[in-house]
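The next block holds one structure in the form of C-alpha cells; read it before the comments.
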Amino acid sequence: MATASLSIDGLAQRCAEETKKWNDRQGSDPQFCFELLRRALAKGMAEAFTHVYQIYEPQVIRWVQGHSRFALTGENADFFAGAALRTFYFAMQGPKFARFAGVPQVLAYLKMCVHTAIMQYLRDQHPVDVTPLEDVHELGETPDLLARTDAAELWAHICHLLPDPHDRNLARCIFLLDLKPRQIVSAYPLQWSNEREVTVATYRIRHLLRNNAELCRWASDI
Amino acid sequence: MPCSVPPPLSADQISVLIDGTATPEEHTHLSQCPYCSERLAQARALEQRLVTTLKRWDCPSTQQLGEYHLGVLSAVEERVVRRHLEECALCKAEVEELRQFLATAPDEQEQPQMILVPKTRPHTFGEVIARLIPQRSSLALRGSSREPIVAEADGTTVIVEIERTPNEQIVIVGQIAADEQDGWTGALVEVRQADLLMATARVDDLGGWQCGPLPIAPSTLRITPKEGNSIILPALILAS
Numbered sequence: 002m003a004t005a006s007l008s009i010d011g012l013a014q015r016c017a018e019e020t021k022k023w024n025d026r027q028g029s030d031p032q033f034c035f036e037l038l039r040r041a042l043a044k045g046m047a048e049a050f051t052h053v054y055q056i057y058e059p060q061v062i063r064w065v066q067g068h069s070r071f072a073l074t075g076e077n078a079d080f081f082a083g084a085a086l087r088t089f090y091f092a093m094q095g096p097k098f099a100r101f102a103g104v105p106q107v108l109a110y111l112k113m114c115v116h117t118a119i120m121q122y123l124r125d126q127h128p129v130d131v132t133p134l135e136d137v138h139e140l141g142e143t144p145d146l147l148a149r150t151d152a153a154e155l156w157a158h159i160c161h162l163l164p165d166p167h168d169r170n171l172a173r174c175i176f177l178l179d180l181k182p183r184q185i186v187s188a189y190p191l192q193w194s195n196e197r198e199v200t201v202a203t204y205r206i207r208h209l210l211r212n213n214a215e216l217c218r219w220a221s222d223i
Numbered sequence: 730m731p732c733s734v735p736p737p738l739s740a741d742q743i744s745v746l747i748d749g750t751a752t753p754e755e756h757t758h759l760s761q762c763p764y765c766s767e768r769l770a771q772a773r774a775l776e777q778r779l780v781t782t783l784k785r786w787d788c789p790s791t792q793q794l795g796e797y798h799l800g801v802l803s804a805v806e807e808r809v810v811r812r813h814l815e816e817c818a819l820c821k822a823e824v825e826e827l828r829q830f831l832a833t834a835p836d837e838q839e840q841p842q843m844i845l846v847p848k849t850r851p852h853t854f855g856e857v858i859a860r861l862i863p864q865r866s867s868l869a870l871r872g873s874s875r876e877p878i879v880a881e882a883d884g885t886t887v888i889v890e891i892e893r894t895p896n897e898q899i900v901i902v903g904q905i906a907a908d909e910q911d912g913w914t915g916a917l918v919e920v921r922q923a924d925l926l927m928a929t930a931r932v933d934d935l936g937g938w939q940c941g942p943l944p945i946a947p948s949t950l951r952i953t954p955k956e957g958n959s960i961i962l963p964a965l966i967l968a969s
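Same order as they appear, the protein sequences are chains W and E. Each residue of the first sequence is one higher than the one before, starting from 2 at the first, in my numbering. Each residue of the second sequence is one higher than the one before, starting from 730 at the first, in my numbering.
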C-alpha cells in the first residue's frame, strides 16, 4: 500500500498496529510509522506529531524507567518522557530527518533523547547539601552562556598561571571535572601512577593559585 | 595578625585541612589560631568558587554528546566533540553510558531502585505556571465575540479562546505575545485532558496556534519554546 496516499489518521492507525506487533515480537512493517514520523518531523504536521507522541509515549516512559540514573533524579517518568519527546520534536525538525534511514534509527535518536534529558538534568542540578549523593555530584552542572563567558576568562587566567600542560591537565581534573585523586588516577593512568603523586601536584597548584592576588580578590568579591 | 601558636600552618597543611585528612594536631592548631583559621577560610572560599565557576564549563551538552555518538553532528561539531572527549573523562563516561543504554533492550533493563532525592529542578528544565489576568472589557480574538482567557507568565502574555463546534466539541485558539516574539515561533503547544495528550500545535510566526476539535473537558496547555521555560496553563485557568 502506498503510504503517501494515506491520511494521517490512517497512517497512525497502521503505525499503532505495527508497533504493537513489534512489541509482541511479531513481524512488523515499519513503512507506516516512518511515513507518520516523516510527516510529523520533516513536514512539521502537528496532527501527525500528536499521533507520534501518543504511539511512542508508553515506550519512552519504559525507557526512562529503565535508565540507570533515573532513580537519582527524584522526578517521575512522565516528566522525562515529556522532556525527551519535546527535545526530539525540536531536534528532528525539517531537513535533519533526511539523515535517518528508517524507523530504528529515528527511535534510537528518541531513546538517546531520554538519556540526554536525564543526564542533563543531573548535570544542571545544584548539589543538595543534605543528601550527599556521590553520583549526582560527579555529574556537575553546565552553566549558561553568561557563566560560560566568565568561566572562559577565568580558565584562561589559570592557564596563564600554569604554563606546564601537565599542571593544566591536573587543574582541569580538579576544577572543571571535580575529580578526587583516586578518580584522577583511574581516569588518566598514563599521566598519574598513584594518588600520592596527584595529591602532591595538587597541593603545589593550589599553593600557586592561592598566592595569586587577582584570584584572591576575585574569590572574596561575592 | 600573627599566628597564635607558631609556626603557622604550611600551605600543604591548609590543603590537608581542606581535604579533610588533617591530623588532630593540625585541628588543635586551628582551634587556637584565628590567623590560620582565616587563611583556611580564604583558601576554601577560593577553591569552592573555582569549582562552582569552572565546573564543566567547556563540556558539550548531553544532546551534543548523544548526536556525536549517533553520528549526526556536522563535520565541524564532530571534530570539536571528538577532541573534547580525548581529554574529558566525564564526557567519555557519559558517551559510554549512552552506548550501553542504547544497546539494552527494554526487557533487559533493570528497574533501578527509587532513591528519595530532594527535588531541586534545574533552571534548564524550568516551567512557569501562567497567572490568569482578569478582563474587564471584551477582547476579540480572530473575529470571535466571546471573551478570551488572558494569562501571563514571565512577561509573556497568552490569549486563549475556547470555541465550541456544532458537534459539541471544542477548538482551542491561542495567541502568544512577548517582547521577544521570535523566540516563540515554532514553539510546541501540547493540550492534555486527564493527563492524556490530546493534540499538539506549532506556534506560527505571528504567535498564533490552534488545536482541535477536542472533547469538552478541562484542558491543560503547555507551550514550550525551542529555548527557555515552558508556560503551563492549568486546567483551572482554561475552565474559568
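A virtual CB, placed ideally from N, CA and C, is assigned to each residue, including glycine. Fair warning: this is a prediction, and the values are worked out from it, not measured in the lab.
Inset, instruction - Could you list which residues in chain W have their beta carbon closer than 7 angstroms to that of E/Asp883, in chain order? - result: Simply none; closest approach about 16 angstroms.
Legend entry - Min CB distance E/Thr929 to chain W below 8 angstroms: yes
Legend entry - DSSP three-state assignment for W/Pro133, whether helix, strand or coil: With a pLDDT of only 36 at W/Pro133, under 50, the local geometry of the prediction cannot be trusted, and no value is derived from it.
Inset, instruction - Please list the partners that W/Tyr57 has in chain E, where partner means a Cβ-to-Cβ separation under 8 angstroms. - result: Ordered by position in chain E, no residue passes the 8 angstroms Cβ test against W/Tyr57, which lies about 11 angstroms from the chain.
Legend entry - Proximal residues to E/Lys955 (C-beta, below 8 angstroms), its chain only, five neighbours per side dropped: Gly912, Gly915 and Ala916
Legend entry - Terminal residues of the alpha helix (DSSP H) in which W/Gly11 lies: Ile9 to Asn24
Inset, instruction - Taking the CB atoms as reference points, tell me whether E/Pro947 and E/Ala930 lie closer together than 8 angstroms. - result: no
Inset, instruction - Say whether chain W places a C-beta atom closer than 8 angstroms to the C-beta of E/Cys765. - result: no
Inset, instruction - Return the bridge partner residues of E/Ile905 from the DSSP annotation. - result: E/Val887
Legend entry - Proximal residues to E/Ile747 (C-beta, below 8 angstroms), its chain only, five neighbours per side dropped: Leu769, Ala772, Arg773 and Glu776
Inset, instruction - Inspect the beta-carbon positions of W/Glu19 and W/Phe33 and report whether they are closer than 8 angstroms. - result: yes
Inset, instruction - Answer with yes or no whether the minimum CB distance from W/Gln192 to chain E is below 8 angstroms. - result: no
Inset, instruction - Can you have a look at E/Pro877 and say buried or exposed, based on whether 16 or more other CB atoms are within 10 angstroms of its CB? - result: buried
Inset, instruction - Pick helix, strand or coil for W/His138, following the three-state DSSP scheme. - result: Interpretation of W/His138 is limited by its pLDDT of 40, a score under 50 that renders its predicted location unreliable; the figure taken from the coordinates is listed afterwards. Residue state, collapsed to three classes: helix.
Legend entry - Short Cβ contact (8 angstroms threshold) for W/Ile119 with W/Arg70: yes
Legend entry - Three-state secondary structure assigned by DSSP to E/Val879: strand
Legend entry - Three-state class that DSSP yields for E/Glu897 in the structure shown: coil
Inset, instruction - Specify the secondary structure class of E/Val857 as computed by DSSP and reduced to three states. - result: strand
Inset, instruction - Inspect the beta-carbon positions of E/Ile899 and E/Leu831 and report whether they are closer than 8 angstroms. - result: no
Inset, instruction - Report the option in W/Ala84, W/Lys44 and W/Ala72 whose CA atom is closest to the CA atom of W/Ala5. - result: W/Lys44
Inset, instruction - Could you name the residues of the same chain whose beta carbon sits closer than 8 angstroms to that of E/Arg811, not counting the 5 residues immediately before and after it, in chain order? - result: Tyr797
Legend entry - W/Ala82 beta carbon near the ligand SAH (any heavy atom closer than 7 angstroms): The ligand SAH is not among the ligands present in this structure, which contains no ligands whatsoever.
Legend entry - Whole runs of the alpha helix (DSSP H) within the stretch 781-808 of chain E, excluding any shorter than 4 residues: 791-799
Inset, instruction - Identify the continuous alpha helix (DSSP H) that holds E/Thr949 and give its terminal residues. - result: Taken as a continuous stretch (DSSP letters only), E/Thr949 belongs to no alpha helix (DSSP H), being part of the beta strand (DSSP E) at Thr949 to Thr953.
Legend entry - Whole-angstrom distance between W/Val104 and W/Phe35, CA atom to CA atom: 6 angstroms
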